[in-house]
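**Student:** Pasting a structure below so you can have a look.
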Amino acid sequence: MLDQIKDLAEKLAPRLIEIRRHLHSHPELSGQEYQTATYVAGVLSSCGIQVRESVGKTGVVGELNASVGDRRLAIRTDMDALPIAERTGLDFASRQPGVMHACGHDVHTTVGLGTAMVLSQLGEAFPGSIRFLFQPAEEIARGASWMVADGAMEGVNAVLSLHVFPTIPAGSVGVRYGTLTAAADDLRIVIIGESGHGARPHEAKDAIWIAAQVITSLQQAICRTQNPLRPVVLTIGKMTGGRAPNVIADRVEMLGTVRSLHPETHTNLPQWIERIVTNICQTYGASCEVEYKRGVPGVQNDTGLTQLLEAAAKEAWGSDRVTILLEPSLGAEDFSLYLQHAPGAMFRLGVGHHDKPNYPLHHPQFDVDESAIVTGVVTMAYAAYKYWQHAGEKGIGHRA
Ligand code: NI
Numbered sequence: 001m002l003d004q005i006k007d008l009a010e011k012l013a014p015r016l017i018e019i020r021r022h023l024h025s026h027p028e029l030s031g032q033e034y035q036t037a038t039y040v041a042g043v044l045s046s047c048g049i050q051v052r053e054s055v056g057k058t059g060v061v062g063e064l065n066a067s068v069g070d071r072r073l074a075i076r077t078d079m080d081a082l083p084i085a086e087r088t089g090l091d092f093a094s095r096q097p098g099v100m101h102a103c104g105h106d107v108h109t110t111v112g113l114g115t116a117m118v119l120s121q122l123g124e125a126f127p128g129s130i131r132f133l134f135q136p137a138e139e140i141a142r143g144a145s146w147m148v149a150d151g152a153m154e155g156v157n158a159v160l161s162l163h164v165f166p167t168i169p170a171g172s173v174g175v176r177y178g179t180l181t182a183a184a185d186d187l188r189i190v191i192i193g194e195s196g197h198g199a200r201p202h203e204a205k206d207a208i209w210i211a212a213q214v215i216t217s218l219q220q221a222i223c224r225t226q227n228p229l230r231p232v233v234l235t236i237g238k239m240t241g242g243r244a245p246n247v248i249a250d251r252v253e254m255l256g257t258v259r260s261l262h263p264e265t266h267t268n269l270p271q272w273i274e275r276i277v278t279n280i281c282q283t284y285g286a287s288c289e290v291e292y293k294r295g296v297p298g299v300q301n302d303t304g305l306t307q308l309l310e311a312a313a314k315e316a317w318g319s320d321r322v323t324i325l326l327e328p329s330l331g332a333e334d335f336s337l338y339l340q341h342a343p344g345a346m347f348r349l350g351v352g353h354h355d356k357p358n359y360p361l362h363h364p365q366f367d368v369d370e371s372a373i374v375t376g377v378v379t380m381a382y383a384a385y386k387y388w389q390h391a392g393e394k395g396i397g398h399r400a
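Residue numbers are given in our numbering: position 249 of the sequence shown equals residue 249, and the series is strictly consecutive.
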């Protein structure tokens with residue numbers, strides 16, 4: 001079966017590159033993936049796959065062998081691009097000014113379509129039930145919740161996904177057991193002091209100075225009160241306040257992001273931050289508002305499904321092309337929202353060029369080695385085959 005999947009993927013390679021380049025030239029921002037969705041639906045239909053459009057606003061769902069067996073595997077890919085002006089100089093660079101597939105979601109969508117093509121072409125040799133989820137708006141961490149709200153996970157027993165990774169060379173894949181990405185939450189702090197003359201600080205409550213204390217204390221408190229083996233990153237990315245050089249500021253607003261890896265830390269963070277900020281403000285007679293908004297939880301890869309991905313990749317490419325990732329990422333990924341409904345696992349697809357510099361994700365010169373597309377399709381299709389083959393076995397896609 002592996003040889004058959006590899007042959008089909010190799011034969012499809014020119015078509016897959018054409019698809020990827022089309023998507024790359026026509027990027028669409030989160031929640032506006034109208035043309036992409038129509039295009040994806042067209043390709044799926046041409047493979048004889050049942051298609052539902054407008055699932056999760058601009059999402060697309062494809063069903064292969066929908067009524068077969070008692071288990072269903074979902075394969076999730078995301079379709080949106082970023083508000084970045086592309087500077088790759090490629091022939092097929094973005095034709096949409098200021099919008100770019102700088103996170104490789106064009107490759108993800110292509111791998112999803114390629115996997116659908118390969119599995120549908122296997123015909124009766126593959127009687128497994130697969131639901132393809134083409135998700136919008138991953139970059140703003142909304143699309144997964146839209147898809148789930150529209151029933152995308154109903155009747156799904158397990159879910160697989162992938163993300164490109166430029167630091168892994170094309171031809172290789174990375175798998176990770178346990179935590180893959182961080183929980184990411186939003187923080188807003190407002191400090192309310194009292195205005196006064198810049199020369200007479202004793203008559204005012206300086207919100208800018210108090211804000212400086214708050215930022216410094218939060219960073220120090222992470223080092224001295226949080227378990228260093230359970231990392232927390234708190235970044236204040238935007239700060240506004242003050243009126244004039246000689247007027248003491250009465251109000252400062254700070255916006256930030258908070259990342260954490262351990263579920264217990266994640267639970268405790270809101271009260272912990274609020275206590276520190278409130279105490280500092282009280283000490284200096286200011287008041288404050290602390291708003292902690294939960295974003296997405298961390299991705300926790302299921303052990304059985306990660307073993308399945310590892311085994312599929314090793315059989316397909318050999319052990320030396322499969323990296324077991326030892327570190328999680330503090331990036332966020334809304335794939336975690338599907339995992340509240342079924343166990344799942346996401347792998348890293350290497351897209352690094354072997355012969356030229358690789359730029360990071362979200363960089364205006366980010367570019368992939370397109371040979372990775374076949375690697376992604378074969379890994380995903382063969383993992384899907386193995387899932388079906390082992391369906392019902394203990395440990396595969398069952399929560400421990
Ligand atoms: Ni991404």
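Cβ coordinates follow ideal geometry from the N, Cα and C atoms, glycine included.
#1: Less than 7 Å separating the Cβ of residue 33 from some heavy atom of the ligand NI?
#2: Does DSSP classify residue 134 as helix, strand or coil?
#3: Secondary structure at residue 293, three-state DSSP: helix, strand or coil?
#4: Tell me whether residue 45 sits in a helix, a strand or coil according to DSSP, three-state version.
#5: What did DSSP end up calling residue 288 once you bin it into helix, strand or coil?
#6: With a threshold of 16 other CB atoms inside 10 Å of the CB of residue 400, please say whether the residue is buried or exposed.
#7: Pick helix, strand or coil for residue 147, following the three-state DSSP scheme.
#8: If the criterion is Cβ atoms closer than 8 Å, does the pair residue 111 and residue 351 meet it?
#9: Let me know the secondary structure DSSP gives residue 399 once reduced to three states.
#10: Determine the contact status of residue 75 and residue 384, defining contact as a CB-CB distance below 8 Å.
#11: For residue 340, which residues in the same chain have their Cβ closer than 7 Å to its Cβ, ignoring the five residues on either side in sequence?
#12: Would you decide whether residue 142 is buried or exposed? Buried here means 16 or more other CB atoms lie within 10 Å of its CB.
#13: Please confirm whether residue 119 has its beta-carbon closer than 8 Å to some beta-carbon of chain C.
#14: Tell me residue 389's beta-bridge partners as DSSP assigns them.
#15: Three-state secondary structure (DSSP) at residue 253?
#16: What is the DSSP secondary structure of residue 366, counted as helix, strand or coil?
#17: For residue 279, count neighbouring Cβ atoms within 10 angstroms of its own Cβ and tell me buried if that reaches 16, exposed if not.
#18: So, using beta-carbon positions, are residue 342 and residue 153 closer together than 8 Å?
#19: Say yes only if the C-beta of residue 101 is nearer than 7 Å to one or more non-hydrogen atoms of the ligand NI, and no if none qualify.
#20: Which residue wins for smallest C-alpha separation from residue 174, given the options 313, 113 and 363?
#21: Kindly give me the distance between the Cβ atoms of residue 299 and residue 180, rounded to whole angstroms, as I take these residues to be in contact under 8 Å.
#22: Quick one: is the Cβ of residue 138 within less than 7 Å of any heavy atom of the ligand NI?
#23: With 16 as the cutoff for other CB atoms within 10 Å, does residue 95 come out buried or exposed?
#24: Just to confirm the assignment: which complete alpha helix (DSSP H) runs, minimum length 4, are found wholly within the region 175-261?
#25: Quick check: what's the CA-CA separation for residue 207 versus residue 219?
#26: Starting from the Cα of residue 100, find the closest Cα among 166, 158 and 83 and give me that residue.
#27: Just to confirm before moving on: does the CB-CB distance between residue 325 and residue 224 stay below 8 Å?
#28: Kindly identify the DSSP beta-bridge partner or partners of residue 323.
#29: For the beta strand (DSSP E) containing residue 50, name the first residue and the last one.
#30: Between the Cα of residue 125 and those of 255, 1, 263 and 363, spot the shortest distance and give me the residue it belongs to.
#31: Just verifying my parser: in three-state terms, what is the DSSP assignment at residue 341?
#32: Would the beta-carbon of residue 301 fall within 8 Å of that of residue 332?
#33: Relative to the C-alpha of residue 67, which residue among 323, 86, 127 and 16 is closest?
#34: So does residue 163 have its beta carbon nearer than 7 Å to some heavy atom of the ligand NI?
#35: For residue 372, which residues from the same chain have a beta carbon less than 8 Å from its beta carbon, with the 5 sequence-adjacent residues on both sides left out?
#36: For a quick check, are the C-beta atoms of residue 305 and residue 149 less than 8 Å apart?
**Tutor:** In terms of the structure at hand:
#1: Using a cutoff of 7 Å, the CB of residue 33 does not count as near the ligand NI, since none of the ligand's heavy atoms is closer than that.
#2: strand
#3: strand
#4: helix
#5: Here residue 288 sits in strand by DSSP.
#6: Its pLDDT being 36, under 50, residue 400 is placed unreliably by the model, and nothing is read from it.
#7: Residue 147 carries a helical assignment under DSSP once its states are collapsed to helix, strand and coil.
#8: no
#9: Confidence is the limiting factor: at residue 399 the pLDDT is only 43, short of 50, which leaves the residue's position unreliable and the question unanswerable from this model.
#10: yes
#11: Answer for residue 340: no residue qualifies.
#12: buried
#13: The question asks about chain C, but that chain is absent: this structure has only one protein chain.
#14: In DSSP, residue 389 forms no bridge with anything.
#15: strand
#16: coil
#17: Looking at its Cβ environment, which holds fewer than 16 other Cβ atoms inside 10 Å, residue 279 is exposed.
#18: yes
#19: Checking the Cβ of residue 101 against the ligand NI gives no.
#20: 313
#21: 4 Å
#22: yes
#23: exposed
#24: 207-225
#25: Looking at the backbone, the Cα of residue 207 and that of residue 219 are separated by about 18 Å.
#26: Of the listed residues, the one whose Cα sits closest to residue 100 is 83.
#27: The answer is no: Cβ separation not under 8 Å.
#28: 174
#29: 50-55
#30: 1
#31: coil
#32: no
#33: When only C-alpha atoms are compared, the closest one is 127.
#34: yes
#35: 107, 164, 170, 171, 349, 350 and 351
#36: no
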